[in-house]
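To keep things clear, I will list the structure first and then write my remarks on it.
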Ligand code: ADP
Ligand code: MG
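Residue numbers (my numbering): 2 to 313.
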């Protein structure tokens, strides 16, 4: 643990704290104040999040990156209203978030589509409040057009590729016309080429709609290509370690050297964090071995660390 707590505050953390202290011209779209969350586990109550404070501006595209288990999904679920903050406050437009709502659409890793409905019917499902059937269909088709999927409106999910299903999920989320789009590793299950195409699509849609987006990923290149700001989290306890404004012009390309330059800076910080986790994991494994339980099915294995893409 001392490895990190002993370190002087990085410039980025100081910048993060300064930003939080600034009086804001308008209320933050999303604001977290000293949020801490603990789950009951067999190892006691480790903090999934500890004292996380964060302000996200209207129309901002914020990416959260960090190794597995650092609390990214927990943070997103709290903003979605799917999980209560154990301690601390969470606000949208200065109003406390107490439950889920259509103003905050969530897109998960696996597109959660209804298999018995076609693509357009899945999108229509989000438009139940539109009473007129024709108007509802027209609006759903408009959303499918937004993700370039009109031709497949009548296809069922099993007839679509993973990337196409994710596009339907994005169209469905956009149909709600949410204030905030919450995306939890939406491209993690896709192949690299499909992912790059969808990164382009999300970037274009954001430029057109200027929604506030909070995008969780463990892929640093993805984060740098999409984010106005990249927030790096550390684990045990889950916290914010660093944040970086990405000042590159848009639209950005995943493979651009400038993107790689920013990604490098983030990786340098995350690598420390990953090293810490690997160290703690191995201690844990040793301790379990000593107790004759080296086959713990709940044990999480962290993949190799030296990569800028997947697998941090
Ligand atoms: P990430 O999305 O960054 O991989 P999570 O937010 O899913 O991380 O999890 C953060 C930590 O909280 C992990 O240690 C995870 O095991 C733990 N955790 C998450 N959800 C639960 C739960 N429902 N019960 C117990 N522990 C949980
Ligand atoms: Mg997660």
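In this text, a Cβ means the ideal position worked out from N, Cα and C, and glycines have one as well.
Because the structure is a prediction, the values reported are computed rather than measured.
Unbroken alpha helix (DSSP H) run spanning residue i, endpoints
i: residue 74; result: 73-81
i: residue 196; result: 193-210
i: residue 86; result: From DSSP, residue 86 is part of no alpha helix (DSSP H); its letter is neither H nor E.
i: residue 176; result: 163-176
Proximity to residue i [Cα-Cα], best of the options
i: residue 202; options: 33, 251, 280; result: 251
i: residue 227; options: 255, 235, 234; result: 255
i: residue 87; options: 67, 62, 48, 116; result: 48
i: residue 57; options: 32, 42, 70, 64; result: 32
i: residue 102; options: 269, 79, 115, 90; result: 79
i: residue 225; options: 187, 43, 200; result: 200
i: residue 223; options: 175, 275, 196, 117; result: 196
i: residue 153; options: 67, 135, 130, 123; result: 123
i: residue 67; options: 157, 136, 185; result: 185
i: residue 120; options: 221, 174, 280; result: 174
i: residue 104; options: 115, 92, 113, 114; result: 92
i: residue 55; options: 192, 36, 70; result: 36
i: residue 189; options: 198, 111, 107; result: 111
Bridge-paired residues (DSSP) for residue i
i: residue 260; result: Answer by DSSP bridge pairing: none, since residue 260 is not bridged.
i: residue 91; result: 33
i: residue 234; result: 241
i: residue 65; result: 217, 232
i: residue 181; result: 105, 213
i: residue 45; result: 42
i: residue 246; result: 230
Element boundaries [beta strand (DSSP E), containing residue i]
i: residue 215; result: 213-218
i: residue 49; result: 48-57
8 Å Cβ cutoff, residue i in contact with chain D
i: residue 156; result: Within the model displayed, chain D is absent; a lone protein chain is all it includes.
Are at least three pairs of beta-carbons, each pair with one atom in the region 70-80 and one in the region 215-224, less than 8 Å apart?
yes
Could you tell me which whole beta strand (DSSP E) segments of length 3 or greater appear in the region 95-141?
105-108
How do the region 61-68 and the region 33-46 stand: do at least 3 beta-carbon pairs fall below 8 Å, yes or no?
no
Please confirm if the region 166-184 is in contact with the region 142-153, defined as three or more CB-CB distances below 8 Å between the two stretches.
yes
Are the region 266-285 and the region 240-247 touching, with three or more C-beta to C-beta distances below 8 Å?
yes
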